Amino acid sequence: MSSVKTNNPDLDNITLYYGRYSGLLATVDFNATTDSKERELFAELCLTVPVRLSVLLPYLTYLMRPLVIALQAAPDLVSQGLRTLELCVDNLTQEIFTPLMALVIHDVMTSLWKLLKPLPYNPNHAHVALRILGKLGGRNQKVLRPKTIEECQVRWSSKKSHSSSPGSTGNPTDATWRHSLQKEWVWIFGKHHTRVFINGYGQGEREETFSVLLKGLFDATRVPEFSVDAESHLSSLFEHVFITEIWQEPGPNPEQARYSLSLTNTIIDALIDNLTIATDQNHLQAASQFMHRVFQKLFQHAKTTSALKEDILTYTKRTLCRKASSSCYDHSWPRKCAGHQVLSILVNRTETSASWITDFELEIIGALLFLHKDAPSATEKILEAPTDMFWKLLRPN
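Okay, so the sequence shown: first residue is 1 according to full-length UniProt numbering, each after it adds one.
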């Protein structure tokens with residue numbers, strides 16, 4: 001890269017190293033997925049940039065998300081985040097600070113209020129957080145909500161033991177036991193309330209509620225004590241939904257049957273979201289294998305169905321392919337990888353006909369090309385699987 005001399009030494013350095021920094025930042029952005037340790041490391045790098053606030057002012061909006069991550073991280077990084085936030089509060093006017101914090105104000109205030117804890121928690125963090133809240137004035141109360149009942153002291157007993165509710169005996173093991181018991185109650189609650197939605201529903205709030213419920217059930221698959229039961233329950237739930245919606249008998253208006261797959265569409269979104277939020281390689285592999293089993297059952301069932309329902313199955317495949325392809329165009333790399341995983345399962349690991357793949361070949365190839373185009377230069381290993389699938393589509397057997 002040719003260097004251009006100016007009268008500003010700082011600008012000369014930026015011009016000289018911009019070519020290297022751009023590739024480095026792209027790689028950092030690619031790796032900043034859902035790994036908490038990597039995310040905290042990148043947040044620390046962003047907050048320790050040796051630059052004046054006046055120079056950084058046009059780019060402060062990009063610093064807000066790392067600031068939120070820092071306030072929720074390890075103690076050393078929390079201290080750095082508090083110093084950065086206090087620097088912004090002291091030196092920025094309200095006209096600049098208010099729109100700057102608009103998108104993250106709730107997360108920032110919640111993090112500050114959580115730092116207001118007595119010993120044995122870090123007293124320095126509490127003092128600095130209290131000082132910042134005082135400087136913010138009335139804005140520090142925007143996230144306060146009416147007090148809700150989080151737990152209720154109930155005395156209960158069994159034939160084996162007679163004791164009060166966890167937390168009231170003073171035993172240090174009670175808190176851990178209560179937490180495990182609460183997780184079990186939440187799991188049972190979510191599992192049994194899926195029955196409310198299995199008969200279908202209209203658009204709107206109930207659809208969002210079912211989506212949140214599925215997210216909670218998928219979260220249970222990553223908890224060791226519930227993983228087997230959660231996967232079995234979800235598999236049975238999805239099979240029931242597919243039989244109810246895709247393989248349903250035609251009603252009085254068969255033309256509208258293909259557009260009534262509300263539960264199936266929500267399940268497809270939940271499966272892609274589950275791949276997106278997988279926190280490590282083991283969770284990602286388990287989520288991918290579970291999705292493969294779900295699709296395998298769906299397409300195997302299609303072999304025994306009548307030709308009259310082929311139109312609805314085609315519509316389902318089209319919806320699945322388009323949702324996965326659109327995920328490859330998302331700005332988030334975990335979402336891109338989730339979209340590619342779904343496409344890979346459809347093309348490589350399910351018994352789909354060659355004619356079906358041909359119908360959606362251009363759409364899949366376009367998504368893969370964008371994935372390659374948007375990838376940083378230092379990620380050749382990550383792109384091996386998309387490249388193999390790309391060549392398979394271009395040179396079918």
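A virtual CB, placed ideally from N, CA and C, is assigned to each residue, including glycine.
Predicted, not measured: the structure shown is a model, and the values here were computed from it.
Inset, instruction - Put aspartate 330 into one of helix, strand or coil per three-state DSSP. - result: coil
Legend entry - Sequence-distant residues of its chain with Cβ nearer than 7 Å to alanine 129 (five each side left out): Leu82, Leu112, Leu115, Leu116
Inset, instruction - Grab me the residues of lysine 323's own chain with a C-beta within less than 6 Å of its C-beta, minus the 5 sequence neighbours each way, in chain order. - result: Ile268
Inset, instruction - Output yes or no for whether 7 Å exceeds the beta carbon distance between asparagine 238 and valine 294. - result: Note that residue 238 corresponds to phenylalanine in the displayed sequence, not to asparagine. Cβ distance < 7 Å, so phenylalanine 238 and valine 294 count as in contact.
Legend entry - Residues near leucine 368 in its chain [Cβ-Cβ closer than 6 Å; skip 5 each side]: Pro386, Phe390
Legend entry - Where lysine 392 sits in the DSSP three-state scheme: helix
Legend entry - Boundaries (first-last residue) of the alpha helix (DSSP H) holding lysine 117: That residue, lysine 117, is in no alpha helix (DSSP H); it is neither H nor E in DSSP.
Inset, instruction - Could you check the C-alpha separation between tyrosine 315 and methionine 101 for me, to the nearest Å? - result: 43 Å
Legend entry - Cβ-Cβ distance between methionine 64 and valine 89 below 7 Å: no
Inset, instruction - Check each candidate in Glu245, Trp185, Arg52 and name the one with the smallest Cα separation from leucine 313. - result: Glu245
Legend entry - Exposed unless 16 or more other CB atoms sit within 10 angstroms - verdict on glutamate 184: exposed
Inset, instruction - Provide the residue span of the alpha helix (DSSP H) that contains glutamine 94, from first to last. - result: 94-101
Inset, instruction - Using 10 angstroms around the beta-carbon of phenylalanine 189, count the other beta-carbons present and answer buried if the total reaches 16, otherwise exposed. - result: exposed
Legend entry - Span separating the alpha-carbon of valine 55 from that of proline 118: 38 Å
Legend entry - Burial state of serine 36 (16 or more Cβ within 10 Å): exposed
Legend entry - Assigned exposure category for leucine 394 - 16 Cβ within 10 Å defines buried: exposed
Inset, instruction - Pull up the distance between the alpha-carbon of proline 166 and that of asparagine 348, whole angstroms please. - result: Low confidence applies here, because proline 166 scores a pLDDT of 40, under 50, leaving its location unreliable; read the following figure in that light. Their backbone Cα atoms lie some 51 Å apart in a straight line.
Inset, instruction - Assuming alanine 70 contacts leucine 77 (C-beta within less than 8 Å), just tell me the rounded distance between them. - result: 5 Å
Inset, instruction - Quick one: grab the DSSP three-state call for asparagine 265. - result: helix
Inset, instruction - Measure the C-alpha to C-alpha separation of alanine 220 and threonine 93 and round it to an integer number of angstroms. - result: 45 Å
Inset, instruction - For my contact list, leucine 53 and asparagine 91 are in at a C-beta cut-off of 8 Å; report their separation, rounded to the angstrom. - result: 6 Å
Inset, instruction - Kindly indicate which three-state DSSP category leucine 308 falls into: helix, strand or coil? - result: Legend: pLDDT at leucine 308 = 49, less than 50; position of this residue unreliable, no value from coordinates given.
Inset, instruction - Just tell me which of Leu271, Cys321, Trp333, Pro334 has its CA closest to the CA of isoleucine 365. - result: Cys321
Inset, instruction - Could you check how far apart the C-beta atoms of isoleucine 272 and alanine 338 are, in whole angstroms? I think they sit under 8 Å. - result: 5 Å
Legend entry - CA-to-CA distance, arginine 335 to leucine 47, given in whole angstroms: 26 Å
Inset, instruction - Express the C-alpha separation of lysine 392 and glutamate 361 in angstroms, rounding to a whole number. - result: 11 Å
Legend entry - Buried/exposed call for proline 66, threshold 16 Cβ in 10 Å: buried
Inset, instruction - Identify whether threonine 387 lies in helix, strand or coil by the three-state DSSP scheme. - result: helix
Legend entry - Separation of glutamate 86 from histidine 192, as counted between CA atoms: 47 Å
Legend entry - Element boundaries [alpha helix (DSSP H), containing residue 427]: Since the displayed the chain opens at 1 and closes at 397, residue 427 lies outside it and no answer follows.
Legend entry - Which of helix, strand or coil DSSP assigns to proline 224: coil
Inset, instruction - Identify whether aspartate 90 lies in helix, strand or coil by the three-state DSSP scheme. - result: helix
Inset, instruction - Quick one: using the 10 Å Cβ neighbour count with 16 as the cut-off for buried, is lysine 317 buried or exposed? - result: buried
Inset, instruction - For the region 45-70, list the alpha helix (DSSP H) runs that are entirely contained and at least 4 residues long, ordered along the chain. - result: 53-56
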